[in-house]
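To start, the structure itself, in structure tokens.
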Amino acid sequence: MPFTIDDLNYDKDSKERMPWEHYLELYAKADPKEIASRLSIPYDEEAKEFTLTFLGSEYKITYPDFQVKHVADEKKCYPLEDMIYAKILTIRFLLNGSASVGTGRFKTYREMPWGEVYLRQFDGRCIKRLAFTYGNRLDDFRLVMDHMKCTPVKFGDVAYELSIYPGYQIQMILWEGDDEFPPSSQILFSDNFPVSFAAEDMAVMGDVIIGSLKAFLKAAKEQ
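According to the numbering used here, the sequence shown is numbered sequentially starting from 147.
Take a look at the structure:
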């Protein structure tokens, strides 16, 4: 069952449940040792759980029922426990992904294989949303990125690099708006993303990250 861009806009529980139940069935039939070997992640046979890092936090994910539990850290925000899109993205990564490290080059979404197919959706749900939300709030963007332990990079007016899964890096870049020009943004992906992710996954991924920032920002301001 393909993971389509329509999954970004679930408006009924049944639409959400259908792909999730499909992936749970595939996951339950998979070989946990093969998953652990392919992704180079730990699997505890006694506890029947994987250890996986998502957006810089460590999680325990049980097999075969995919129950997610965070390992507490100072971020105090754990989107993989709460966001269905993050769970679907992660279960697909466990089923289809591979351990990989990029060459150091980063690419736009358009430059990824088949990126043109979902470019309009990615631009609206991710690029424009990032610019609209934080383009005139650079201090909040810095606060949330520092709270998430992201790495500053020298692009735009402010930019950070983060890891969504081990070895898979994303750069988020903002240019502040002024009286003449609106704010703008760009999201770049390390060049190894096609090893594990389709264009649809990456569109959902951008949406998941930006959707998580509000909760991370709240946690940062409460500290």
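The beta-carbon is built from N, C-alpha and C at its ideal position, and this holds for glycine as well.
* **8 Å Cβ cutoff met for Ser330 and Phe239** => Here the question's residue 330 lines up with position 184 in the sequence shown. Here the question's residue 239 lines up with position 93 in the sequence shown. Against a cut-off of 8 Å, the Cβ pair of Phe239 and Ser330 comes out as no contact.
* Segment limits, beta strand (DSSP E) that includes Tyr264 -> The residue given as residue 264 occupies position 118 in the sequence shown. That residue, Tyr264, is in no beta strand (DSSP E); it is neither H nor E in DSSP.
* **Burial state of Trp321 (16 or more Cβ within 10 Å)** => Within the sequence shown, residue 321 is the residue found at index 175, counting from 1. Classification for Trp321: buried.
* If you draw a straight line from the alpha carbon of Val214 to that of Asp324, how long is it in whole angstroms? -> As a position in the sequence shown, residue 214 is number 68, starting the count at 1. As a position in the sequence shown, residue 324 is number 178, starting the count at 1. Answer to the nearest angstrom: the Cα atoms are 43 Å apart.
* To do: Identify the continuous alpha helix (DSSP H) that holds Phe239 and give its terminal residues.
  => Within the sequence shown, numbered from 1, the residue matching residue 239 stands at position 93. Taken as a continuous stretch (DSSP letters only), the alpha helix (DSSP H) holding Phe239 covers 230-242.
* State the Cα-Cα distance for the pair Lys222 and Ala366, rounded to the nearest angstrom. => On the sequence shown, position 76 is the one that residue 222 refers to. On the sequence shown, position 220 is the one that residue 366 refers to. Going by the C-alpha atoms only, they are around 8 Å apart.
* Asked: For Gln369, which of Asp211, Asp190, Glu220 has the nearest alpha-carbon?
  -> The residue you call residue 369 lines up with position 223 of the sequence shown. Checking every option, the nearest Cα to that of Gln369 belongs to Glu220.
* Asked: Can you give the Cα-Cα distance for Leu265 and Ala193, rounded to whole angstroms?
  -> In the sequence shown, the residue the question calls residue 265 occupies position 119. In the sequence shown, the residue the question calls residue 193 occupies position 47. One C-alpha to the other measures close to 41 Å.
* Over what stretch of residues does the alpha helix (DSSP H) that includes Ser183 continue unbroken? -> Mapped onto the sequence shown, residue 183 falls at position 37. Taken as a continuous stretch (DSSP letters only), the alpha helix (DSSP H) holding Ser183 covers 178-185.
* On the three-state DSSP scale, how would you describe Ala305? -> Stepping through the sequence shown from its first residue, residue 305 is reached at position 159. Reduced to three states, the DSSP call for Ala305 is strand.
* Asked: Touching or not, the stretch 277-291 and the stretch 175-182, by the rule of three or more beta carbon pairs under 8 Å?
  -> no
* **Limits of the unbroken alpha helix (DSSP H) element including Tyr280** => Here residue 280 is taken as the residue at index 134 of the sequence shown, counted from 1. Taken as a continuous stretch (DSSP letters only), the alpha helix (DSSP H) holding Tyr280 covers 274-280.
* **Where the alpha helix (DSSP H) through Leu363 begins and ends** => By one-based count along the sequence shown, residue 363 stands at place 217. Per DSSP, the continuous alpha helix (DSSP H) segment holding Leu363 begins and ends at 345-368.
* To do: Leaving aside the five residues before and after Leu172 along the sequence, list all residues of the same chain whose C-beta is less than 7 Å from its C-beta, in chain order.
  => Stepping through the sequence shown from its first residue, residue 172 is reached at position 26. Contacts found: Leu241.
* Run through DSSP, which three-state label would Met318 get? -> The residue labelled residue 318 in the question sits at position 172 within the sequence shown. In this structure, Met318 counts as strand in the three-state DSSP scheme.
* **Coarse secondary structure for Phe212, derived from DSSP in three states** => One-based indexing of the sequence shown puts residue 212 at position 66. Three-state DSSP puts Phe212 in coil, outside helix and strand.
* Asked: Can you tell me whether DSSP reads Pro148 as helix, strand or coil?
  -> Residue mapping note: residue 148 aligns to position 2 of the sequence shown, counting from 1. Unreliable positioning characterises Pro148 in this predicted model, as indicated by a pLDDT of 36, which lies under 50. The coordinate reading is nonetheless provided below. DSSP places Pro148 in coil when its eight states are reduced to three.
* Do Tyr255 and Gly261 have their C-beta atoms within less than 8 Å of each other? -> Position 109 of the sequence shown, counting from 1, holds the residue named residue 255. Position 115 of the sequence shown, counting from 1, holds the residue named residue 261. Yes; because the gap between Cβ atoms is below 8 Å, this pair is in contact.
* To do: Throw me the rounded Cβ distance for the Ile333 and Ile237 pair, which I believe falls under 8 Å.
  => Position 187 of the sequence shown holds residue 333. Position 91 of the sequence shown holds residue 237. At roughly 23 Å, the Cβ-Cβ gap does not stay under 8 Å, so Ile333 and Ile237 are not in contact.
* With a CB to CB cut of under 8 Å and the five nearest residues on each side skipped, what residues in its chain are close to Pro328? -> Here residue 328 corresponds to residue number 182 of the sequence shown, with the count starting at 1. Cβ within range, chain order: Ala277, Gly281.
* To do: Identify every residue that forms a DSSP beta bridge with Leu334.
  => As a position in the sequence shown, residue 334 is number 188, starting the count at 1. Leu334 pairs with Thr254, Gln317.
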